[in-house]
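Here is the structure we will look at, set down as structure tokens.
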Amino acid sequence: MRYGYYPGCSLTGTARPYEVSTKAIAGPLGLTFEEVEDWNCCGATEYMSLNKTAAYALVARNLALAAGEDKPKDLVAPCSLCYLNLRKTNHYMAKYKSLGKMTNQALAAGGLHYTPGSLNVRHLIDVIVNDVGYEALGARVTRPLTGLRVAPYYGCLLVRPDLNGGSFDDTEYPTHLDRLMETLGAEVVDFPLKTHCCGGHMTQISAETAYELIRRLLHNAAEYRADLLVTLCPMCQFNLDAYQTQVNRHLGTDFHLPILYFTQMIGLAMGMEPKALAIGQEIVSAASVLRKIGTAVEVEEAPQTRRKRDDKSLPMPRIREG
Amino acid sequence: MTEKVGVYICHCGTNIAGPVDVEEVARWAKENLDGVVLARDYRFMCSSLGQELIQEDIKNEGLTRVVVAACSPHLHEKTFRTACSKIGLNPYLTQMASIREQVSWVTEDRAAATHKAKMMVAGAVRRVQLQEELQPTEVPVNPNTLVVGGGIAGIQAALELADAGHKVFMVEREPSIGGHMAQFDKTFPTLDCAACILTPKMSDVGLHENIELLSYAEVDSLSGFVGNFDVRVRKKARYIDEDACTGCGICIEKCPKKVVDEVFEAGLGYRKAVYRPFPQAIPKFPVIDRDTCIYFERGTCKACEKFCPTEAIDFEQTDTYLDLNVGNVIMATGYDLFDCGKIPQYGYGRLANVFTSLEFERLCNAAGPTEGHILLRDGVTEPKSVGIIHCVGSRDKQHHAYCSAVCCMSALKFGHLVMEKTGAEVYSFYIDMRPLHKNYEEFYDRLLQEGMHFIRGRVAEVTDAARLPGEDGKLIIQAEDTLIGKQRRIPVDMVILLGALQPRFDAKETGLKFGVSAGLDGWFTERHPKLDPVATMTDGVFIAGTCQGPKDIPDSVAQGAAAAARVQGMISKGTVLIEPIVATIEEARCSGCRICNTLCPFNAIEYLEDKAVSYINPALCKGCGTCVAACPAQAISGAHFTNDQIFAEMEGLLYDVIGSNGATVKSPQPALEPA
Amino acid sequence: MSRSLGNKDDAFLNEVIEATPGGEALVTCLQCGTCGGSCPSGPDMDHTPRQLFQMINAGMRQEVLQSNAPWYCVTCYYCMTRCPKQIPITDLMYTLKRMAVRAKLYDDSDAPDWSSSFIGFVESYGRSFEFGLATRYHLTHSPLRKVGVGPMGLEMIVKDRMPLRPERIKGIDQLRTILDTAKSLEGV
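So, in structure tokens, the structure goes:
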């Protein structure tokens with residue numbers, strides 16, 4: 001399966017482990033990623049703060065370069081922020097006609113053009129859970145991650161904004177990453193703040209605000225006895241990982257929670273060596289945690305199906321599907 | 001014979017006279033249009049004086065046709081037709097030209113507006129001279145009435161008709177009547193016990209000699225027309241012989257299969273596979289739920305049969321069908337509650353102590369799963385603090401844009417009950433407080449005095465992730481207190497979600513069955529939102545209660561009574577007039593192709609096998625004209641909309657192209673020569 | 001949906017609406033407070049998003065553009081996703097940032113400077129350059145308070161996650177042409 005691939009600036013630097021692990025698992029999973037030729041920065045949140053049309057044009061250049069008769073129709077971004085910017089530009093250029101027109105006028109000055117909607121912008125996890133599928137993935141697991149309590153952390157921009165129902169997962173209570181980790185054999189820790197904000201670039205602008213947001217997430221995951229958090233966004237990984245010591249120092253906490261990418265977890269479960277997945281480059285070391293893989297798991301009591309005679313509790317609501 | 005046409009141009013104050021030179025139009029009509037013997041302009045034609053003007057002219061000048069150029073026929077066609085018929089001129093010899101809605105309200109340039117008005121008058125004048133006298137048909141009204149839905153609105157309607165001496169068939173989908181009101185604990189603002197005020201009416205329905213209660217039944221199909229409907233009702237099998245059953249309840253006691261009661265107990269309590277929804281159920285007969293009964297599942301058990309003292313259990317029972325004839329139908333099918341799981345950030349279904357309003361009613365209700373004690377999901381602990389969240393699914397473009405009308409009052413009611421029964425702190429999170437009706441504002445004041453806390457802010461999320469001291473083990477409601485301008489987190493033990501009222505899940509299909517349309521929201525459409533809230537566009541079918549839109553109990557009762565009064569009126573009159581604007585098929589020209597049969601939106605056309613031609617039932621026909629246009633043999637003509645009349649009107653509209661030459665006014669001709 | 005643009009008080013409101021895709025929805029704001037209630041950095045803002053919208057309605061241009069709220073926005077999109085009137089709140093925050101900088105009204109320079117530094121690198125190389133950005137920005141904005149950043153940066157370099165040289169794209173001129181055209185089309 002062929003996909004256009006937009007790595008984004010962080011995959012070459014702060015999120016190098018994400019790039020390495022993605023490339024490592026792509027082959028075995030049958031995914032071919034064709035990097036967009038000469039792609040430019042998506043602008044993150046900064047470009048849009050001081051520019052409007054130029055910000056959309058900045059992103060649209062990538063869309064224009066990625067689109068073409070002989071090119072794959074799906075453009076995959078592993079970084080949630082790049083994913084959002086590409087997806088939003090794609091959507092807004094179609095929805096807001098004058099914006100679309102102006103952006104194309106700007107592109108034309110550079111000899112480019114993009115017809116909004118001609119590409120499907122997708123996040124890497126979307127491709128893995130929907131195109132490869134849980135079953136196929138499960139079949140490739142040779143070293144199940146039993147013994148690991150994993151807190152799947154989605155962050156914001158994978159699932160929000162909804163953009164007219166185009167969201168990959170539920171905007172408030174997503175479950176795809178949970179299910180993915182389960183497929184890999186890990187014990188999934190469903191912590192309530194799994195899609196709350198990591199603070200984004202606030203670490204640079206108002207560190208106090210950001211530290212508190214980071215602290216909340218780590219605290220909640222730790223409360224639920226997670227061994228590590230798994231992410232799918234370079235910004236989230238950076239904030240939770242690189243700033244963990246800062247948070248400990250400034251807020252008097254004592255967190256030691258490694259933060260790994262979901263692609264690294266997939267690689268581990270498929271039997272790959274940690275080094276091949278760039279594990280070891282994280283600031284909060286994952287070594288101790290990885291030793292837990294394959295260790296004995298406490299067998300939990302099977303849930304009671306019959307109500308005890310003196311059980312006065314009221315039944316929980318039946319949640320309807322769809 | 002040439003007709004004598006009187007033309008009247010209305011000023012409508014300045015509505016028409018502003019943009020249109022009405023005097024000029026009148027002058028022009030008199031001078032240029034064939035057949036016009038007089039033309040007047042007048043300030044308000046619809047006034048008594050205006051109508052008298054027409055009547056005087058008919059009397060004194062011998063007018064044989066009348067054209068009124070004024071507002072839309074929707075408003076005053078009836079007025080002018082009646083005025084003419086009172087003085088002896090057949091009402092169908094009048095025609096209105098809508099020079100307000102179609103000219104003065106939409107044309108800015110005065111010259112253009114005046115010109116267009118003239119053309120429209122020309123069209124009306126040409127047309128009216130080809131119009132014919134028509135007489136409405138009188139059909140008898142069957143005095144029986146069908147009431148669909150046994151909630152409070154349906155019950156009210158049924159009792160009023162039955163007390164007036166008329167027969168009522170009440171069809172109710174559930175095993176018992178009572179509707180949602182039967183689930184409530186207390187009602188606002190009086191804090192009357194819901195069951196105490198409802199059950200006497202339910203008993204009346206059950207005992208009334210004029211009401212035939214068909215419970216655990218649904219309407220399968222409806223056909224016919226006002227005064228004369230044929231209804232097929234499907235009575236679902238109870239598997240209990242109603243003639244033998246004494247209602248003793250031993251079967252329920254002995255039944256070993258316990259399941260969650262999703263309907264009456266709102267998923268909070270249990271019932272058996274054979275059950276009565278609640279103790280005061282009317283009728284008293286239980287029902288065996290086929291989907292959960294062990295016998296139907298595996299062929300074993302039959303405990304109920306073993307213990308029944310009167311041999312009333314009958315597993316061989318099948319659904320039965322009844323065919324009824326009624327004159328009118330009152331639909332009172334009620335509402336469903338919004339699925340709060342659609343707003344995941346409120347935690348419903350995930351966080352144990354988040355409840356919906358209906359679930360909370362069951363908690364409070366003495367006959368409910370906790371015998372009236374307000375307890376947390378563990379069934380043991382009393383809450384010390386409760387948060388009540390307004391507008392869950394209402395006033396929300398992502399779910400329902402409308403306001404559900406009753407939730408603010410429910411919040412006050414719940415607050416009172418919580419404080420009374422548990423002494424807990426109560427916090428209400430609202431966007432606006434809407435205590436709109438009699439004694440409602442006073443009830444709000446009462447709750448303020450009782451110490452309920454009100455925070456103006458739509459809740460952002462309900463979470464169990466503690467952050468600040470005092471939050472551990474609690475549900476934290478996070479919202480912006482907009483009147484202070486700060487984000488606040490309020491830890492509580494229990495959260496009540498005031499979910500939206502929404503149309504029944506099958507409202508659309510039900511509506512189709514009865515010929516009642518639903519709006520974009522899904523609520524049934526009334527004939528006029530201000531002036532006719534219980535009638536629908538289908539004569540003889542009325543709506544009452546929440547199926548028309550969210551409302552409280554007093555309004556539901558009022559609508560039930562209003563619908564009953566309308567039906568009563570028709571029954572007393574004994575007959576109903578069917579408008580004569582219908583289509584007829586000329587048998588000689590009909591080839592029996594039957595294209596018209598399937599096109600008719602009112603199912604008014606049937607095929608007569610013996611004659612091999614189609615026939616239009618004039619009572620069902622609404623004169624829409626679809627078949628007239630579709631017939632390949634031009635065998636169908638629509639009364640009051642014949643081809644000649646339509647072409648004449650068009651010629652009038654094209655006056656400045658055709659002029660008065662080349663297109664002369666035709667006197668009424670016989671039908672076109674056969675091809 | 002047509003709105004009359006005659007009212008003088010509405011000038012600021014109209015400007016904000018026109019500068020934001022989908023901004024017309026702003027006039028339907030119920031002042032319900034879901035945005036302010038959801039915002040992770042809400043407690044640190046001098047005005048909640050909801051308050052800003054009412055202030056925009058009241059034509060309080062100065063106070064709104066001087067507010068720190070848009071700069072504290074973490075673009076988590078909770079507000080926009082949950083708003084019952086589907087107002088594009090996050091996009092409005094972006095608009096206010098742009099307007100504040102152009103009007104030179106926002107006092108605290110940190111956040112705008114961070115953005116403009118970032119943009120500087122993107123427009124020079126076509127890609128962002130973390131190391132350069134962090135060094136330049138932190139050294140010129142209260143460096144003494146940023147003591148922790150140094151060691152953290154060093155760690156990142158040691159772990160091979162911080163390239164020390166920027167990468168320039170081949171089509172940098174093409175990109176610049178596109179961006180300049182876009183800016184001039186907008187009249188900025």
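Chains as they are written, first to last, in the working numbering: chain A, 1 to 322; chain B, 1 to 675; chain C, 1 to 188. Heads up, the beta-carbon is just placed ideally off N, CA and C, and yes, glycines get one too.
Find out if the Cβ-Cβ distance for the pair residue i, residue j is shorter than 8 Å.
i, j, result
"B/M331", "B/F542", "yes"
"A/L177", "A/L218", "no"
"B/T333", "B/R504", "yes"
"B/L130", "B/A648", "yes"
"B/L161", "B/V567", "yes"
"B/V354", "B/V386", "no"
"A/G13", "C/R161", "yes"
"B/V168", "B/T145", "yes"
"B/A405", "B/K551", "yes"
"B/A217", "B/V233", "yes"
"A/I293", "A/L268", "yes"
"C/I178", "A/A67", "no"
"A/M93", "A/A60", "yes"
Given a threshold of 16 other Cβ atoms within 10 Å of its Cβ, counted over all protein chains shown, does residue i qualify as buried or as exposed?
i, result
"B/K530", "exposed"
"B/D539", "buried"
"A/D323", "With chain A covering 1 to 322 only, the question about residue 323 of chain A has no answer from this structure."
"C/C204", "The displayed coordinates of chain C run from 1 to 188. Any statement about residue 204 of chain C would go beyond what the structure contains."
"B/A266", "buried"
"B/C196", "exposed"
To the nearest angstrom, how far is it from the Cα of residue i to the Cα of residue j?
i, j, result
"A/L290", "B/E509", "58 Å"
"A/G200", "B/C391", "32 Å"
"C/T20", "A/T53", "11 Å"
"A/P174", "A/V230", "14 Å"
"B/V148", "B/M170", "6 Å"
"B/A675", "B/S637", "Annotation note: pLDDT 49 at B/A675 (below 50); position unreliable, coordinate value reported separately. Spanning the two alpha carbons is a distance of roughly 16 Å."
"B/I477", "B/R446", "25 Å"
"B/A563", "B/M537", "14 Å"
"C/M152", "A/E223", "26 Å"
"C/N57", "C/F12", "8 Å"
"B/P309", "B/P175", "22 Å"
"B/L498", "B/L520", "22 Å"
"B/Y346", "B/A424", "21 Å"
"B/G178", "B/F264", "10 Å"
"C/G150", "A/G280", "21 Å"
"B/P668", "B/W105", "For B/P668, the predicted structure reports a pLDDT of 40, less than 50, and the residue's modelled location is therefore unreliable. A value from the coordinates is still provided. Taking the straight line from one Cα to the other gives about 34 Å."
"B/F307", "B/D289", "18 Å"
"B/E450", "B/F414", "13 Å"
"A/T45", "C/E123", "15 Å"
Tell me, to the nearest whole angstrom, how far the beta carbon of residue i is from that of residue j; I am working on the premise that it is less than 8 Å.
i, j, result
"A/C198", "A/L240", "6 Å"
"B/T626", "B/L608", "With 8 Å as the limit, B/T626 and B/L608 do not qualify as a contact, their Cβ atoms being about 20 Å apart."
"B/V66", "B/L89", "7 Å"
"B/T64", "B/E3", "5 Å"
"A/Q246", "C/W114", "Their Cβ separation, rounded to whole angstroms, is 17 Å, which puts A/Q246 and C/W114 out of contact at 8 Å."
Can you pull the chain F neighbours of residue i, defined as C-beta to C-beta under 8 Å?
i, result
"C/R168", "The question asks about chain F, but that chain is absent: this structure's protein chains are A, B and C."
Subject >> Sufficient close CB pairs (3 or more, under 8 Å) joining the stretch 114-130 of chain C to the stretch 88-96 of chain C >> reply: no
**OP:** Examine the Cβ distances between the stretch 60-70 of chain C and the stretch 509-528 of chain B and report whether three or more of them are shorter than 8 Å.
**Re:** no
**OP:** Specify whether the stretch 112-123 of chain A and the stretch 68-84 of chain A touch according to this definition: at least 3 beta carbon pairs, one from each stretch, less than 8 Å apart.
**Re:** yes
**OP:** Check whether the stretch 42-50 of chain A touches the stretch 240-249 of chain A, taking contact to mean three or more Cβ pairs, one atom from each stretch, closer than 8 Å.
**Re:** no
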